[in-house]
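Novice: I am attaching a structure below and will ask some questions about it afterwards.
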Amino acid sequence: GGEIIMKRPPTEPDFVEALARGLNVIRAFSLSHLALSVSEVAAATKLARPTVRRLLLTLESLGYVRSANGVYFLTPKVLELGTAYISAQGMWDIVRPRLEALVEKTKESSSMSQLVGSDIVYTARVPVPKIIGMSVHIGTRFPAYATSMGRVLLSDLTAKELDAVLKTPSESGVVPRLKFARKELDQSLAEIRKRGWAMSDEQLSFGIRSIAAPVRDASGRTVAAVNVTVNAAETSIAVLKKEHLPLLLSTAAAITHDFAAMSLLPTTSPLNP
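Here the numbering used here is used: the sequence shown runs in plain steps of one and ends on residue 276.
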C-alpha cells in the first residue's frame with residue numbers, strides 16, 4: 004500500500020500507459036488500505052483525479068473493484084491475476100505435498116518464494132498455527148537481503164545481476180531490523196553458494212529465525228527457495244541446523260527433481276513451447 008512508484012514508460016512505441024496506470028491503481032490497495040476514495044488513489048499513484056476516476060470505473064465494470072459510499076474496494080476477482088501465475092507454472096500442485104510433508108515432520112511453517120526486483124515474493128506456503136512476529140501469505144514481499152530465502156536467491160546471481168538487484172528499491176514496505184553492509188552480504192552469499200543453504204537469525208524481525216535452500220531448474224539455476232521458519236525463543240540455531248536442515252535440503256532436492264521431471268520450471272519468463 005501507500006505510495007506507488009510509477010515506472011517511467013519505456014521509449015518503445017508499444018508501451019500502453021493506460022494499462023500501466025490501471026495496474027498501479029490496483030496496487031494502491033493493500034491490507035492497510037482496503038477502502039480508498041478517488042482522491043486517496045490519486046495521491047498514492049500520483050495520477051490526476053479524473054484519470055483515476057475513469058480507471059476505477061473501468062475496473063468496476065470489469066469486476067475487479069466495487070464501490071460503496073464514495074469509496075472503492077478490490078474484489079476477489081483480483082486474485083485470479085495472481086493465481087494464474089502460480090497455476091500456469093504448475094507450482095502449487097507440485098510444491099504443496101512436499102511442503103506439507105516437511106511441515107508434518109518439523110511442526111514448523113514452510114514456504115517457497117521467488118525473486119522479484121530486490122524482494123522475495125511468497126508463491127507457496129504451508130503455515131502452522133503459531134504466534135510469529137510477521138503476517139505472511141502468498142504474495143507477501145520482504146527485502147531479499149534480510150531473509151534466508153532471499154539470500155539463497157541472491158547467491159545464484161552474477162555480480163552484475165546482484166548490483167542491478169540491489170539498486171532496485173524494495174516494494175515490500177517492510178524495514179528490516181538489521182541493515183546490511185555490502186561486504187558482509189558478499190561474504191555471506193559466497194558462503195551460501197559453497198554450503199548450499201542460508202540462515203537468517205532475526206535479521207528481518209525480532210523473534211524470527213529461518214533456514215532456506217534452493218530449488219533449481221534443469222540447467223542448475225536457482226529459480227526459487229524453500230524455507231522453514233521458527234520462533235527464535237522456542238527453537239535454537241542448533242536444533243534448526245541439526246534437525247530441520249537435513250529435512251529441508253531433501254525437500255528442496257525433491258522439488259527440484261519434480262520440476263525437472265515435469266518440465267515445469269518456476270520461471271518469471273514464459274516457458275518456451
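Here a beta-carbon is modelled for each residue, glycine too, at the ideal position from N, C-alpha and C.
Since the model is a prediction, treat every value here as computed from it, not as a measurement.
Between the C-alpha atoms of M202 and V119, what's the straight-line distance to the nearest angstrom?
Specialist: Position 199 of the sequence shown holds residue 202. Position 116 of the sequence shown holds residue 119. The straight-line gap from Cα to Cα measures roughly 20 Å.
Novice: What is the DSSP secondary structure of L50, reduced to helix, strand or coil?
Specialist: Residue 50 sits at position 47 when you count from the first residue of the sequence shown. If DSSP states are grouped into helix, strand and coil, L50 belongs with coil.
Novice: Bridge partners for P146 per DSSP, in chain order?
Specialist: To locate residue 146, count along the sequence shown from 1; it is residue 143. P146 pairs with D122.
Novice: State buried or exposed for V98, treating a residue as buried only when at least 16 other CB atoms are found within 10 Å of its CB.
Specialist: Taking the sequence shown and counting its residues from 1, the one referred to as residue 98 is at position 95. Flag for V98 reads buried.
Novice: Under 8 Å Cβ to Cβ from T225, same chain only, skipping five residues before and after it: list those, please.
Specialist: In the sequence shown, counting from the first residue as 1, residue 225 sits at position 222. So the list reads V155, L156, S158, D159, P217, V218 and R219, once near-sequence residues are dropped.
Novice: Under DSSP, the alpha helix (DSSP H) around V155 begins and ends at which residues?
Specialist: Walking along the sequence shown from the start, residue 155 turns up at place 152. Segment S151 to L157, the alpha helix (DSSP H) holding V155.
Novice: Distance, Cα to Cα, K245 vs T78?
Specialist: As a working note, residue 245 is residue 242 in the sequence shown. As a working note, residue 78 is residue 75 in the sequence shown. Straight-line Cα distance between these residues: approximately 45 Å.
Novice: Spatial neighbours of A45 within its chain, please: C-beta separation below 6 Å, excluding the five flanking residues on both sides.
Specialist: To locate residue 45, count along the sequence shown from 1; it is residue 42. Excluding residues within five positions, the ones whose Cβ falls inside 6 Å are R52 and V55.
Novice: Thinking C-alpha only, which one of S239, N230 and N234 is nearest T254?
Specialist: One-based indexing of the sequence shown puts residue 254 at position 251. Checking every option, the nearest Cα to that of T254 belongs to N230.
Novice: On a CA-only basis, which of Y148, E107, S239 and N72 is nearest L250? Give me that one, please.
Specialist: Numbered from its first residue, the sequence shown carries residue 250 at position 247. The residue with the shortest Cα to Cα distance from L250 is E107.
Novice: List the whole-angstrom C-beta distance separating T126 from S116, where the pair is believed to meet the contact cut-off of C-beta under 8 Å.
Specialist: Taking the first residue of the sequence shown as position 1, residue 126 is located at position 123. Taking the first residue of the sequence shown as position 1, residue 116 is located at position 113. Right, the Cβ-Cβ distance comes to about 6 Å (below 8 Å), so this counts as a contact.
Novice: Report yes if the C-beta distance between A235 and R212 is below 8 Å; otherwise report no.
Specialist: In the sequence shown, residue 235 corresponds to position 232, counting from 1. In the sequence shown, residue 212 corresponds to position 209, counting from 1. Yes, the pair counts as a contact, with Cβ atoms nearer than the cut-off.
Novice: If you follow the alpha helix (DSSP H) that F262 is in, where does it begin and where does it stop?
Specialist: As a first step, residue 262 is located in the sequence shown; it is residue number 259 there, counting from the start. Unbroken alpha helix (DSSP H) run through F262: L248 to M265.
Novice: Could you pull the start and end residues of the beta strand (DSSP E) that R212 belongs to?
Specialist: Here residue 212 refers to the residue found at position 209 when the sequence shown is read from its first residue. R212 -> beta strand (DSSP E) spans I211 to R219.
Novice: Using the Cα positions of A184 and I214, report the straight-line distance between them to the nearest angstrom.
Specialist: For the purposes of this step, residue 184 is taken as residue 181 along the sequence shown, with counting starting at 1. For the purposes of this step, residue 214 is taken as residue 211 along the sequence shown, with counting starting at 1. Rounded to whole angstroms, A184 to I214 spans 21 Å at the Cα level.
Novice: Does DSSP put N275 in a helix, a strand or coil?
Specialist: Numbered from 1 along the sequence shown, position 272 holds the residue referred to as residue 275. Low confidence applies to N275: its pLDDT is 47, below 50, so where it sits in the model is not reliable, and the reading given next is rough at best. Coil, per DSSP.
Novice: State the start and end residues of the unbroken alpha helix (DSSP H) segment that holds L77.
Specialist: The residue you call residue 77 lines up with position 74 of the sequence shown. L77 -> not in any alpha helix (DSSP H); beta strand (DSSP E) instead, spanning V74 to L77.
Novice: Give me, in chain order, the residues of the same chain whose beta-carbon lies closer than 7 Å to that of L39; leave out the 5 immediate sequence neighbours on both sides.
Specialist: Within the sequence shown, numbered from 1, the residue matching residue 39 stands at position 36. Taken in chain order, the residues that qualify are A31, F32, V74 and Y75.
Novice: Spell out the partners DSSP gives D204 in its beta bridges.
Specialist: The residue given as residue 204 occupies position 201 in the sequence shown. D204 is bridged to R212.
Novice: How many Å lie between L84 and R69 at the Cα?
Specialist: Translated into positions along the sequence shown, residue 84 becomes position 81. Translated into positions along the sequence shown, residue 69 becomes position 66. Cα to Cα, L84 sits roughly 17 Å from R69.
Novice: To which residues of the same chain is I141 closer than 8 Å at the C-beta, ignoring the five residues directly before and after it?
Specialist: What you label residue 141 is simply residue 138 of the sequence shown in a count that begins at 1. For I141, where only same-chain residues beyond five positions count, the Cβ hits under 8 Å are G85, I89, Y125, T126, A127 and R128.
Novice: Can you say whether V19 is buried or exposed, counting buried as having 16 or more other CB atoms within 10 angstroms of its CB?
Specialist: Residue 19 sits at position 16 when you count from the first residue of the sequence shown. By the 10 Å Cβ count, V19 comes out exposed.
Novice: Can you tell me whether L243 is buried or exposed, with buried defined as 16 or more other CB within 10 angstroms of its CB?
Specialist: As a position in the sequence shown, residue 243 is number 240, starting the count at 1. Burial call: buried.
Novice: Just mark A241 as buried or exposed, buried being the case when its beta carbon has 16 or more other beta carbons within 10 Å.
Specialist: Here residue 241 refers to the residue found at position 238 of the sequence shown. It is exposed - the Cβ of A241 has fewer than 16 other Cβ atoms within 10 Å.
Novice: Going by Cα to Cα distance, which pick from K182, G153 and A23 is closest to I280?
Specialist: No information on residue 280 is available, as it lies outside the stretch 4 to 276 that the chain covers here.
Novice: Under the three-state reduction of DSSP, which class applies to S191: helix, strand or coil?
Specialist: Translated into positions along the sequence shown, residue 191 becomes position 188. S191: helix per DSSP, three-state reduction.
Novice: Taking Cβ positions, are L105 and S113 nearer each other than 8 Å?
Specialist: As a working note, residue 105 is residue 102 in the sequence shown. As a working note, residue 113 is residue 110 in the sequence shown. Yes. Within cutoff.
Novice: Could you check how far apart the C-beta atoms of V81 and L59 are, in whole angstroms? I think they sit under 8 Å.
Specialist: Along the sequence shown, one-based indexing puts residue 81 at 78. Along the sequence shown, one-based indexing puts residue 59 at 56. Incorrect: roughly 13 Å between the Cβ atoms, too far for contact.
Novice: Can you tell which of L50, S35, V178 and K170 has the C-alpha that lies nearest to the C-alpha of A21?
Specialist: Position 18 of the sequence shown, counted from the start, is the residue given in the question as residue 21. Answer by Cα proximity: L50.
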